[in-house]
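Novice: Quick one: the structure is below, and I'll ask about it shortly.
Protein chains: 2
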Amino acid sequence: MLNTGPIDRYRGLAARESLAALGAPTAGLRKVDRGEPLFRQGDALTALYEVQLGQFKTQRSDEGGRRQVLGFHLAGDLLGLDGIVDDVHQQDAIALESAQVWTIPYGTFNEEAARSEELQHELHRIMGRELTRGQEMLLLLGTLGAEGRLAAFMLDLAQRLQARGWSAKAMLLRMSRIDIASYLGLTVETVSRNLTRLQQLAVLRIDHRDIEILDPVALERIATGSP
Amino acid sequence: MLNTGPIDRYRGLAARESLAALGAPTAGLRKVDRGEPLFRQGDALTALYEVQLGQFKTQRSDEGGRRQVLGFHLAGDLLGLDGIVDDVHQQDAIALESAQVWTIPYGTFNEEAARSEELQHELHRIMGRELTRGQEMLLLLGTLGAEGRLAAFMLDLAQRLQARGWSAKAMLLRMSRIDIASYLGLTVETVSRNLTRLQQLAVLRIDHRDIEILDPVALERIATGSP
DNA sequence: CGCGAGCTTGATGCCGATCAATGCATGTGG
DNA sequence: CCACATGCATTGATCGGCATCAAGCTCGCG
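First to last, the protein sequences are chains V and A.
First residue of the first sequence: 0, per numbering that gives the first Met the number 0; consecutive thereafter.
First residue of the second sequence: 0, per numbering that gives the first Met the number 0; consecutive thereafter.
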């Protein structure tokens, strides 16, 4: 593999891991069209996936049909860990745009992990990070209002995009307002209203899915719930 | 070790694991008084803990002082995994009553895990379960109202207690209303009001912290959000 | 061009937060 | 043993934020 260059750049940039970079066996690229599932809740876990290109959302539904978006995933993110409990995926992963993923067959991955202590440790850290992210999300949903949730969402997304070499200020949303609303536990209308409010406050500039952060400090303040 | 009996009973009962039972090295019992921390957010991760006796809550705070209870933990539960990302605990673990835990030193645990593939796999499953639990919690906070959240809370607790050999109907809460409120993203008053409501509906019988489930079916219906 | 999906904006109502008072149990010191 | 303080829980009154219902709006696309 001749990709030590980009990998080092990746790993130095942000809290972001690459199993493939650590010698996990990959089995080629898979393409997923916009709106199509990479895997579905209930599918057998056959592989882990590292996002190569495009963005995904993961979501979960229960018997009653209640649906909740659990996360948005950018290039470099690992997908499929949700199935590790009993080798069955607990959520859907759906492409928000045309996407490509590295496929890491689960069986061979396990064999390799059994040999490489570093690979194990890396996996643990990735799972631990997922746990932490979930807990931060719980804190957010439990303590912040609509405005704060949106501010936190924008900051998080901007930061993750920046870690991948994009601008920290301007971004193009790949997900719909509906998905954002579900992710934040709100309705579409509330999302829309608070976005325009943040625009009126000159904190954001919004043009459809084109977002610019005008006042990061104010956004931070709003996201931490200090009024 | 002569405890294969109880261990088999444990493992057969419910979705519940025991690292100690799988040969993870333990280093004795530790006692924690009511209200005292087993570890604190920011502490270095030195060990994992398996609850032996009593109950714990885990909680997380951020800079702004916002606090959120993330979980309640019964005998048999594993504590400390939150620190695996960077060997620093991300949350507090506080005893709700006088408690005892098995201490599993992290260093020796890692050595053992490097040797035992089964131990690794078990750890992955436990972490995966934690991930799933967090996602279910997100779904709950994102889609259910106060009444549904309380119903789901009661059902979950009853089920976990039942898995440990207690009654499925009657239970004695170890946590305060304040903790419950924080856990569910509500205020104490709302918790109190909805508890009395559930009592008026003859779904629960409530005597301070003594709870009896009178109508499990109705409780289930309320917890799934079907009005 | 016309249709539909996604987004915005407005009017109304309800649920849960907030503020406030009281009850009740436990603990503590005079 | 009583007086008082303190923490926890319930109940009531009021207010506000978000959901809900409803109507346009924009944009992309067949």
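Here a beta-carbon is modelled for each residue, glycine too, at the ideal position from N, C-alpha and C.
Going straight from the alpha carbon of E110 of chain A to that of L77 of chain A, what length do you get?
Specialist: Those two C-alpha atoms are separated by around 18 Å.
Novice: Is there a Cβ of chain A sitting closer than 8 Å to that of G4 of chain V, yes or no?
Specialist: The predicted position of G4 of chain V is uncertain, since its pLDDT is 31 and thus under 50; a value taken from the coordinates is nonetheless stated next. Chain A contact via Cβ: absent.
Novice: Would you call the region 23 to 36 of chain V and the region 97 to 105 of chain V touching, i.e. three or more CB-CB distances under 8 Å?
Specialist: As far as the Cβ criterion goes, the region 23 to 36 of chain V touches the region 97 to 105 of chain V, which means the pair count is three or higher.
Novice: Could you confirm whether any beta carbon from chain V is found closer than 8 Å to the beta carbon of A46 of chain A?
Specialist: No, A46 of chain A does not count as interfacial toward chain V.
Novice: For chain V, find out if any of its Cβ atoms is closer than 8 Å to the Cβ of T142 of chain A; answer yes or no.
Specialist: Yes, T142 of chain A lies at the interface with chain V (some Cβ there is under 8 Å from its Cβ).
Novice: Quick check on DSSP: helix, strand or coil for M136 of chain A?
Specialist: M136 of chain A: helix per DSSP, three-state reduction.
Novice: When you compare only the Cα positions, how much space is there between E219 of chain V and A201 of chain V?
Specialist: Going from the Cα of E219 of chain V to the Cα of A201 of chain V covers about 14 Å.
Novice: Report yes if the C-beta distance between L69 of chain A and Q58 of chain A is below 8 Å; otherwise report no.
Specialist: Contact flag set, yes.
Novice: From A13 of chain V to L52 of chain V, what distance separates their C-alpha atoms?
Specialist: Residue placement at A13 of chain V cannot be trusted, given a pLDDT of 32 that sits under 50; what the coordinates show is reported in the next sentence. Spanning the two alpha carbons is a distance of roughly 18 Å.
Novice: Using 8 Å as the cut-off, can you tell me whether the region 130 to 138 of chain A makes contact with the region 198 to 212 of chain A, which would need three or more C-beta pairs spanning the two stretches below that distance?
Specialist: No contact exists between the region 130 to 138 of chain A and the region 198 to 212 of chain A.
Novice: So, for A229 of chain A: in the same chain, excluding its five sequence neighbours on each side, which residues have a beta-carbon less than 7 Å away from its beta-carbon?
Specialist: The structure shown does not extend to residue 229 of chain A, since chain A spans only 0 to 226, so no value can be given for it.
Novice: Determine the chain A residues that contact M136 of chain V at a beta-carbon separation under 7 Å, and present them in chain order.
Specialist: In chain order: L137.
Novice: Do you know offhand how far L47 of chain V's Cα is from R132 of chain A's?
Specialist: Whole-angstrom Cα-Cα distance: 20 Å.
Novice: Between L160 of chain A and the rest of its own chain, which residues show a CB-CB distance below 8 Å, the 5 nearest in sequence each way excluded?
Specialist: Only L73, S166, A167, M170 meet the Cβ criterion.
Novice: Look up Y182 of chain V in the DSSP assignment and give the residues it is bridged to.
Specialist: In DSSP, Y182 of chain V forms no bridge with anything.
Novice: By the criterion of Cβ-Cβ separation under 7 Å, what are the contact partners of R65 of chain V in chain A?
Specialist: Here the neighbours are L138, T142, G224.
Novice: What in chain A is Cβ-close to R275 of chain V, meaning under 7 Å?
Specialist: Chain V is shown only over 0 to 226; residue 275 of chain V falls outside these bounds and no answer can be derived.
Novice: State buried or exposed for Q89 of chain V, treating a residue as buried only when at least 16 other CB atoms are found within 10 Å of its CB.
Specialist: The residue in question, Q89 of chain V, is buried, as its Cβ has 16 or more Cβ neighbours within 10 Å.
Novice: Does any residue of chain V have a CB that is nearer than 8 Å to the CB of V84 of chain A?
Specialist: It does: the Cβ of V84 of chain A has a partner Cβ on chain V nearer than 8 Å.
Novice: With 16 as the cutoff for other CB atoms within 10 Å, does M0 of chain A come out buried or exposed?
Specialist: With a pLDDT of 36 at M0 of chain A, under the threshold of 50, the modelled position of this residue cannot be trusted, and the question is left open.
Novice: Rank A:L143, A:D81, A:V84, A:L95 by C-alpha distance to the C-alpha of E35 of chain A and give the top, closest one.
Specialist: Residue A:L95 is the option with its Cα nearest to E35 of chain A.
Novice: Using a C-beta cutoff of 8 Å, does A92 of chain V count as contacting chain A?
Specialist: Not one chain A Cβ lies under 8 Å of A92 of chain V.
Novice: Using a Cβ-Cβ cut-off of 8 Å, state whether R29 of chain A counts as contacting chain V.
Specialist: Taking Cβ atoms only, chain V never reaches closer than 8 Å to R29 of chain A, which makes this a no.
Novice: Suppose you measure from the CA of L118 of chain V to the CA of G106 of chain V; what does that come to, to the nearest Å?
Specialist: Cα-Cα distance, rounded: 14 Å.
Novice: Who pairs with E111 of chain A in a beta bridge, going by DSSP?
Specialist: DSSP output for E111 of chain A lists no bridge partner at all.
Novice: Count the other CB atoms, across all protein chains shown, that sit within 10 Å of the CB of S60 of chain V; report buried if there are 16 or more and exposed otherwise.
Specialist: By the neighbour-count rule (16 or more Cβ atoms within 10 Å), S60 of chain V is not buried but exposed.
Novice: CA-CA distance, I93 of chain V and Y182 of chain V?
Specialist: Cα to Cα, I93 of chain V sits roughly 14 Å from Y182 of chain V.
Novice: Report the three-state DSSP secondary structure of H207 of chain V (helix, strand or coil).
Specialist: Note: H207 of chain V maps to coil in three-state DSSP.
Novice: Apart from the five residues on each side of it in sequence, which residues of its chain come closer than 7 Å, Cβ to Cβ, to R204 of chain V?
Specialist: Once the five neighbours on either side are set aside, the close Cβ partners of R204 of chain V are Q198, E211, L213.
Novice: Tell me whether E219 of chain A sits in a helix, a strand or coil according to DSSP, three-state version.
Specialist: Three-state result, E219 of chain A: helix.
Novice: Check each residue of the region 108 to 128 of chain A: if its Cβ is closer than 7 Å to any Cβ of chain V, include it; give the result in chain order.
Specialist: Cβ contacts with chain V come from A113, E116, Q119, H123, R124, M126, G127, R128.
Novice: Just the C-alpha distance for R196 of chain A and R148 of chain A, rounded to the nearest angstrom, thanks.
Specialist: Straight-line Cα distance between these residues: approximately 13 Å.
Novice: Under three-state DSSP, which class holds I212 of chain V?
Specialist: Looking at I212 of chain V - three-state DSSP - the assignment turns out to be strand.
Novice: Just list the beta strand (DSSP E) runs in the region 30 to 81 of chain V, keeping only unbroken ones of 3 residues or longer that don't cross its boundaries, in chain order.
Specialist: The qualifying runs are 36 to 38, 46 to 52, 55 to 60, 66 to 72.
Novice: Under 9 Å Cβ-Cβ, which residues of chain V neighbour L130 of chain A?
Specialist: Those within 9 Å of L130 of chain A in chain V are L80, D81, I83, V84, Q89, M126, E129, L130, G133.
Novice: Kindly list, in the order they appear in chain A, the residues whose Cβ is closer than 7 Å to that of G184 of chain V.
Specialist: Result: L140, G141.
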